[in-house]
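These notes concern the structure reproduced below.
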Amino acid sequence: MKTKSGELALLAAACLLAAGCSSVPYTGRRHMLLISTGQEKKLGEDEYQKFLKDAKLSNDREKVEMIRRIGRRMAKASGRPDFQWEFNLVEDDKTVNAWCLPGGKVAVYTGILPVAETETGLAVVMGHEIAHALARHGGERMSQGMVAQFGASALSVALGGQSGAVRKLAQDAYGMGVGVGILLPFSRSHEAEADHIGLVLMAKAGYDPRESVEFWKRMAGNKEGAKDSPLARYLSTHPSDVTRQENLRGWMEEALKEYQR
Ligand SMILES: [Zn+2]
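Sequential numbering from 7 applies to the sequence shown in the numbering used here.
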């Protein structure tokens, strides 16, 4: 997202006021957040509850247990005991997707299982989605949205906690029609960061990170000739290409160290 110089100054001011200058775990990238972790977690929790009300959850005990097993291992590796982790498998073979809302609220759709193929394959995609939440990409986008919409008053919105305004921003930032199973696309840089963090996370959780390259290859391969397929839709929000695979190989050494530990 482009940021004008005035907005940059505002973000710098926010940083000084400690409204939220923090760094992303693992990558160390500095980013500015005008929303607190608490606010974010509350939004994630509310949206998740709303989503679960209408979602058809899978009754396949074996698969649900697999999702939760991966989830437990990932949660442990994430070092976020403050998250109220929850992992659910949604019965929807047409949706090739998964996501994680702030606070560790995860949904995996049955449609992604054939592409994942194995537990390790599924750990790739879950690691990636959880990474978006750990890196607070949604919160970052909300903060950018605040600056864009409220300009100079963004800080007072952020600090005054005008919950209606914050909620609207969250809906915009996450494309909170989570009900349809597709979150708004993240930027390329957020995608790359989620790949990096997800790779280290899955390795820490005891899953072979080398599978990630194979998983994304399958994803990219399946895209061909199916412009409006569920896979193509997932890939429009999580682009997969040669760059992604090259990036993953670049982080592999770091991840393998965690895996072999
Ligand atoms: Zn992503």
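Note that CB positions come from ideal geometry on N, CA and C, so glycine has one too.
Note on geometry: alpha-carbon atoms of ASP60 and PHE192 lie some 25 Å from one another. Within the region 60-145, the complete alpha helix (DSSP H) runs of at least 4 residues fall at 67-84, 119-122, 125-140. In this structure, the alpha-carbon of THR33 lies about 7 Å from that of ILE203. Out of GLN45, LEU262, MET38, LYS223, the CA that lies nearest to the CA of GLY212 is found in LEU262.
Here LEU140 is buried. Its C-beta has 16 or more other C-beta atoms within 10 Å.
Residue burial annotation: GLU259 is exposed, with fewer than 16 other C-beta atoms found within 10 angstroms of its C-beta.
Under the three-state reduction of DSSP output, SER193 falls in the coil class, being neither helix nor strand. By the beta-carbon neighbour count (other beta carbons within 10 angstroms, threshold 16), LEU63 is exposed.
Here the alpha carbons of LYS56 and ILE118 stand approximately 22 Å from one another. One Cα belongs to GLY256, the other to VAL121, and the distance between them is close to 23 Å. Per the Cβ contact rule, the region 134-148 is in contact with the region 106-116 (3 or more Cβ pairs under 8 Å).
Taking non-hydrogen atoms of ligand 1 into account, the C-beta of PHE192 is found less than 7 Å away from one of them.
Taking 8 Å as the upper bound for CB-CB distance, LYS111 and GLU92 are in contact here, some 5 Å apart.
Close CB contacts of ARG86 within its chain, under the 8 Å cut and outside five residues either way in sequence, are with GLY110, LEU140 (chain order).
Taken through DSSP and simplified to helix, strand or coil, ARG216 comes out as coil. For ligand 1, no non-hydrogen atom lies closer than 7 Å to the CB of ALA129. Under DSSP, the beta-bridge partners assigned to SER28 are HIS37.
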